[in-house]
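Asker:
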Amino acid sequence: MTSTRLSPEIWITAGYDALCDGGPTALAAEAMARRLTTTKGSFYWHFKDVPAYHAALVHHWQAAALADVLACLEETGAPDKRLRNFGKSILASKTETALRAWANSDPSVAKSMAYVDEKRLAYIQHLLDTFGLRNPAFSQAILAALIGLPQIKIHPADSHAGFEALVDTILALT
39 MTSTRLSPEI
49 WITAGYDALC
59 DGGPTALAAE
69 AMARRLTTTK
79 GSFYWHFKDV
89 PAYHAALVHH
99 WQAAALADVL
109 ACLEETGAPD
119 KRLRNFGKSI
129 LASKTETALR
139 AWANSDPSVA
149 KSMAYVDEKR
159 LAYIQHLLDT
169 FGLRNPAFSQ
179 AILAALIGLP
189 QIKIHPADSH
199 AGFEALVDTI
209 LALT
């Protein structure tokens, strides 16, 4: 067992890896302690119980996802490049795919996902507005692609290509 004190951030990062590898059942205190070669006491030092750990994982992801949206809002540059970069960052996240799967069985995770999706949708619409594309169906289609492409288990490069093709098609309408 490790004698180094593990920070909450280490537990969170390990939790994301465990979630990606084994789903939400892999997030039990004992399983996480084994994963980090430490004791359950270390887990309980930082988290009241497993539900509190789950809440911390979801809260951390939500805060990071919203920070990404805010950072994108502050970016300068061509709106099409900003949209493409935004999409690529979402498609690159294995954690997001695992969280979405977890959201199917956990209402609190689903609520967090819905909140982030709402902010992302608003950002996408903001970018499309700069092209005069005000039909919300376009931003909804882009967000749906960002959510759905990783779910169909195609190669990540194909997910990116599908996203790029959709953006190209929508922007060609201007």
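FYI, this note's numbering numbers position 37 of the sequence shown as 75, with every residue one higher than the one before it.
Ideal Cβ placement from N, Cα and C applies to all residues, glycine included.
Does the Cβ of G125 have 16 or more other Cβ atoms within 10 Å, making it buried, or fewer, making it exposed?
Answerer: Counting from 1 along the sequence shown, the entry for residue 125 is found at position 87. G125 is buried by the Cβ-count criterion.
Asker: For T63, does the count of other Cβ atoms within 10 angstroms reach 16, so buried, or fall short, so exposed?
Answerer: Numbered from its first residue, the sequence shown carries residue 63 at position 25. T63 should be labelled exposed.
Asker: Considering only their Cβ atoms, is the gap separating L211 from L165 smaller than 7 Å?
Answerer: In the sequence shown, the residue the question calls residue 165 occupies position 127. In the sequence shown, the residue the question calls residue 211 occupies position 173. For L165 and L211, no; Cβs fall outside 7 Å.
Asker: Would you check if the distance between the CB atom of A183 and the CB atom of F201 is smaller than 7 Å?
Answerer: To locate residue 183, count along the sequence shown from 1; it is residue 145. To locate residue 201, count along the sequence shown from 1; it is residue 163. Yes. Within cutoff.
Asker: Secondary structure at T76, three-state DSSP: helix, strand or coil?
Answerer: Within the sequence shown, numbered from 1, the residue matching residue 76 stands at position 38. It is coil, neither helix nor strand.
Asker: If you count every other CB in all the chains shown that lies within 10 Å of the CB of A103, and 16 or more means buried, which is it?
Answerer: Start at 1 with the first residue of the sequence shown, and residue 103 comes out as number 65. Buried, because 16 or more other Cβ atoms sit within 10 Å of the Cβ of A103.
Asker: Given this structure, state the Cα-to-Cα distance separating C58 from P174, to the nearest angstrom.
Answerer: Sequence index remark: in the sequence shown, residue 58 carries index 20 (1-based). Sequence index remark: in the sequence shown, residue 174 carries index 136 (1-based). Distance between the alpha carbons of C58 and P174: 32 Å.
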